[in-house]
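Scroll down for the structure; my scribbles are underneath it.
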Amino acid sequence: MKLDYLQALKRVDEARGAWVLHGQEPLLEQNLVDAFRASWQKQEIERQRYDISSASDWKTVFNALNSLSLFSSQLAIEVHGNIKPDANGLKELKSYLQHNEQNLLLIVMPKQDAGSLKTAFFQVMDANGVSVALTASYAKDRQQILMAEAQKLGIQLANDAWKWLEQHHEHNLLAAKNSLMRVSDTFSEVDVIQIDHLYSCLQDQSRYTAYDLNDAMLQGNLAQSIKIFQYLLASGEPASLILWSVSKDMRLLMALFEQPQNALQLGIWKTKISLYQQALRRLNPNAFLSWPALLLRIDASIKGLGHENAEHLIMQAIAQMCGKRLFPPA
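Residue 262 in the UniProt record's numbering sits at position 262 of the sequence shown; the count goes up by one each step and never skips.
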C-alpha cells in the first residue's frame, strides 16, 4: 500500500508489519519518525534502532524482530540506511510480513530514483507493507503541511502570506517551518499573520541555514561550521533538526565510501557530488566506525535520556565531519 505523508500521519498509532519512508524532505521525515516514537512510548512498545551499512546487517534486524525481550509484548525496529535486503533478506522480510502481526519494522531511506522504486524490495513493500513517499510536489500539499505546523504553534496566516512564505523559502519546508516558529515567537499576540509580519521578522534572520552548515562541514571548515551551528541555535533551530542534517551527511559519506560509483543513487544531488568526494579524500575512513554510536548518544541526549550535553556532542560530530578534533588530546 502506498500512502502520502498526511495519510501516514493519521495511521501511526495503528502501524504494524513493515513501513518504508523514503524521500528528501527532512521536515516530513523528522515529523513522521517523531510521531512513531511518541506513539511507541505511549503504547509502551519497546524500540530498537539499527543503521544498515551492508546487506548482511539485515540478518541482525530480522533476528531482533523475531525475538522479544522478557519485558515486552511488542517491538518496533527502526532501520536507517539506503541498502536494501538481498535475496535472503527478502525471504526473511516476506516471512516476517506473513507471520508477525504485532511488531513493526520502520525503514527510513533517502530519496529513491525511479529504477530503485521498481526493485523487488519495493514491490514487496507496496504489496504487503506500507510505502510512504516523503514528497510535497504541489503547492497545495506544501501549504497543507505548513498549515498543520502553524496549527501546532497556535498561529494563522493570511492567504497571501502563505504564498509569500513559500516563495521566500523556494519550497524548502524545513526552512519555512523554522520561519513559522520565529514569527510565532515575535508576534504571539497577533491573530492573523500578514506579509508585513513575515517580512519584518525574517529579513534579518536568513543569514545561515542548515545547508550552509552542511557545506562548511564537507569543506572541512571547522571554525565556520561551529559559527553557523551557534547561529542556528541562537535563531531557534531545534537541536533535533540540526542533528538530522549532520547525521544525513555522515551516513551519506559512509555509504559513498562503500559505494563510490553510486552517488546519485544514494540521494546526493549532482551539484554536491564533488563536495562529498573531496570530504572522503580528506577524512580517515576509520573515523566512520565511531559515528553511529555518537549519533545515538546525541539522539538520546536531545530526548533527555542521558546526562551528556547535546550541544557539546553535536559540536563533536561537526568536528569529526571536518576531520578535526574539537579539543586537543591530553
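Beta carbons are placed, not taken as given, at the ideal position from N, Cα and C, and that holds for glycine.
Being a predicted model, the structure only gives us computed values, none of them experimental.
Check the DSSP bridge columns for L106 and list the partner residues they point to.
W19 and E78
Is the beta carbon of D126 less than 8 Å from the beta carbon of G81?
no
Consult DSSP for K270 and reduce its assignment to one of helix, strand or coil.
K270 falls in the helix class under three-state DSSP.
Please return the same chain residues whose Cβ sits closer than 6 Å to the Cβ of P292, not counting the five positions on each side in sequence.
D51
Does the beta-carbon distance from F36 to L134 come in below 8 Å?
no
Please report the straight-line C-alpha distance between Q144 and S240, rounded to a whole angstrom.
23 Å
At least 3 beta-carbon pairs within less than 8 Å: the segment 138 to 157 vs the segment 110 to 130
no
Distance, L294 Cα to L313 Cα:
8 Å
Contact the segment 85 to 94 vs the segment 42 to 49: 3+ CB pairs below 8 Å
no
CB-CB under 6 Å to L27, same chain, minus the five flanking residues each way: which ones, in chain order?
Closer than 6 Å at Cβ, skipping near neighbours: L173, L174 and K177.
For I193, which three-state DSSP category applies?
strand
Residue interval of the beta strand (DSSP E) (run including residue 374)
Examination of residue 374 is not possible in this model, given that the chain is present from 1 through 330 alone.
Quick check on this structure: which residue in Q24, L32, K152 and G323 has the alpha carbon closest to the alpha carbon of S137?
Ranked by Cα distance from S137, the first of Q24, L32, K152 and G323 is Q24.
Taking the CB atoms as reference points, tell me whether L232 and A216 lie closer together than 8 Å.
no
The segment 317 to 326 in contact with the segment 222 to 231 per 3-pair CB rule at 8 Å:
yes
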